[in-house]
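Quick note: the sequence shown uses the working numbering, first residue 586, plus one each step. This report refers to the structure that appears directly beneath it.
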Amino acid sequence: MTNINRQWIVAQPSESEGMCLEAEVFGVREEPIPEPKEGQILIRNKIFACEPLVHAWVKGVPGRIAPLPVGATFKGHAGGEVVASRHPDFSEGDVVHGNLEWADFTLSAGTDVNGVPLSRQVPGFSLATSMITLGMTGLCAYIGLFEIGKPEPGDTVVVSAAAGGIGSIAIQLAGLCGCKVIGIAGGSVKCQRLVGELGADAAIDYKTADMVAELAAAAPRGVNVMFDNVGGSVLDAVLVNLAPFGRVSICGGLGGYDHPEVAVRNTIMLAQRNGTIQGFWYSDYEHRFAEALQRMGDWLQSGQLKEWTHVAQGFDKVPEASRGIFSGANTGKQLVEIA
Ligand SMILES: NC(=O)c1ccc[n+]([C@@H]2O[C@H](COP(=O)([O-])OP(=O)(O)OC[C@H]3O[C@@H](n4cnc5c(N)ncnc54)[C@H](OP(=O)(O)O)[C@@H]3O)[C@@H](O)[C@H]2O)c1
Numbered sequence: 586m587t588n589i590n591r592q593w594i595v596a597q598p599s600e601s602e603g604m605c606l607e608a609e610v611f612g613v614r615e616e617p618i619p620e621p622k623e624g625q626i627l628i629r630n631k632i633f634a635c636e637p638l639v640h641a642w643v644k645g646v647p648g649r650i651a652p653l654p655v656g657a658t659f660k661g662h663a664g665g666e667v668v669a670s671r672h673p674d675f676s677e678g679d680v681v682h683g684n685l686e687w688a689d690f691t692l693s694a695g696t697d698v699n700g701v702p703l704s705r706q707v708p709g710f711s712l713a714t715s716m717i718t719l720g721m722t723g724l725c726a727y728i729g730l731f732e733i734g735k736p737e738p739g740d741t742v743v744v745s746a747a748a749g750g751i752g753s754i755a756i757q758l759a760g761l762c763g764c765k766v767i768g769i770a771g772g773s774v775k776c777q778r779l780v781g782e783l784g785a786d787a788a789i790d791y792k793t794a795d796m797v798a799e800l801a802a803a804a805p806r807g808v809n810v811m812f813d814n815v816g817g818s819v820l821d822a823v824l825v826n827l828a829p830f831g832r833v834s835i836c837g838g839l840g841g842y843d844h845p846e847v848a849v850r851n852t853i854m855l856a857q858r859n860g861t862i863q864g865f866w867y868s869d870y871e872h873r874f875a876e877a878l879q880r881m882g883d884w885l886q887s888g889q890l891k892e893w894t895h896v897a898q899g900f901d902k903v904p905e906a907s908r909g910i911f912s913g914a915n916t917g918k919q920l921v922e923i924a
């Protein structure tokens with residue numbers, strides 16, 4: 586093992602109009618591997634989980650995380666093994682994850698970069714599953730669907746970006762609860778996989794479909810719950826097809842991240858259908874985490890819940906993998922395995 590610690594840093598400002606960062610914005614800085622001080626652990630990262638919002642932090646879009654200026658180390662969901670510990674609660678060999686610096690090695694005082702306690706690998710599951718289905722990705726799907734969407738058995742649930750990390754879990758959770766499920770994704774291959782592998786009742790390719798007409802055909806009694814990761818014209822088409830008292834749960838806005846001109850125009854349908862629209866930030870619903878993790882863990886173990894990941898191999902794949910999210914290169918959660 587060399588003594589070099591590679592870190593992904595913001596090398597230059599982004600000039601792009603949209604959210605997808607140019608490849609040149611990603612740079613590598615090399616420093617010696619740091620030594621943990623009293624109360625610290627040294628983590629050797631193994632997995633980075635790519636997330637569209639990381640780009641927003643670099644672009645300085647207001648949000649929950651402090652912006653990442655030029656020279657800062659990229660921060661995002663990461664997991665790895667404790668290789669040295671001077672912290673009473675952690676031992677060498679512990680496997681942990683949280684929002685961490687994207688580097689080979691990172692120091693922690695037992696918390697992530699936001700001060701949130703590190704999570705540990707869930708016994709019986711891999712680090713990747715602990716980070717994804719039993720981590721932020723699954724919790725987003727669970728909270729957004731059950732706490733905000735509140736589906737009843739027999740309801741029709743639509744999920745956008747359904748072949749992405751959160752969407753691919755939300756699709757299955759809705760099906761497991763007795764709902765009719767319609768996934769929206771880009772391309773026929775992703776749509777076929779949503780139906781064939783994840784049990785969606787129908788899937789619509791937003792890149793080619795007449796969205797309003799195809800949704801009307803697939804949901805003749807209207808859409809009771811929309812789990813939305815996209816916004817824009819996709820959400821507009823669902824609003825036209827909203828069932829009376831339909832609920833829209835806003836998880837993300839991928840359609841607008843890289844196309845700033847995208848707008849939602851049909852909000853009047855919320856008035857006409859007595860509909861509600863509500864966003865959520867998953868970490869504000871900690872009171873439901875234990876229940877969510879128990880149920881999703883049981884479904885994973887019984888094989889009723891599948892985890893889709895799209896894995897790039899190697900530290901140097903970070904820019905390509907991070908940028909690919911915006912062109913739909915990933916199916917399932919985009920990960921980069923670095924060790
Ligand atoms: N509310 C919360 O607490 C919370 C927490 C974390 C993340 N989020 C948000 O949740 C959303 C989903 O995150 P994720 O990690 O599941 O994403 P992801 O797996 O990275 O999903 C990316 C997928 O979105 C689709 N997409 C990209 N650009 C699009 C566009 N312009 N229009 C329509 N679809 C587009 C692409 O699939 P196609 O091939 O189908 O186009 C792409 O593969 C994001 O908006 C993220 O920021 C919310």
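The C-beta atom is built at its ideal place from N, Cα and C for all residues, glycine as well.
| Query | Result |
| --- | --- |
| Chain D contact for L855 (CB, 9 Å cutoff) | Chain labels in this structure do not include chain D; a single protein chain is all it has. |
| Assigned exposure category for T545 - 16 Cβ within 10 Å defines buried | The requested residue 545 is not part of the displayed model; the chain covers only 586 to 924. |
| Sequence-distant residues of its chain with Cβ nearer than 7 Å to G864 (five each side left out) | I835 |
| Selected residue, minimal CA-CA separation from G816, among A804, I769, L724 | I769 |
| When S868, I756, G665 are compared against E677, the one with the closest alpha-carbon | G665 |
| Residue environment, I589, which counts as buried when at least 16 other CB atoms sit within 10 Å | exposed |
| Between the CA atoms of G917 and E782 - distance to the nearest angstrom | 12 Å |
| Closer than 8 Å: V698 CB and nearest ligand 1 heavy atom | no |
| T793 burial status per 10 Å Cβ neighbour count (16 or more: buried) | exposed |
| C-alpha gap between I923 and H640, whole angstroms | 20 Å |
| Check: E636 C-beta below 8 Å from any heavy atom of ligand 1 | yes |
| Rounded separation between I751 and R880 - CA only | 16 Å |
| Alpha-carbon to alpha-carbon, L824 and R671 | 54 Å |
| Where S715 falls, given that 16 or more other Cβ within 10 Å makes a residue buried | buried |
| Own chain, CB closer than 8 Å to W642, minus 5 neighbours either side, in chain order | G648, I650, A651, P652, L653, K660 |
| R671 (DSSP reduced to helix, strand or coil) | coil |
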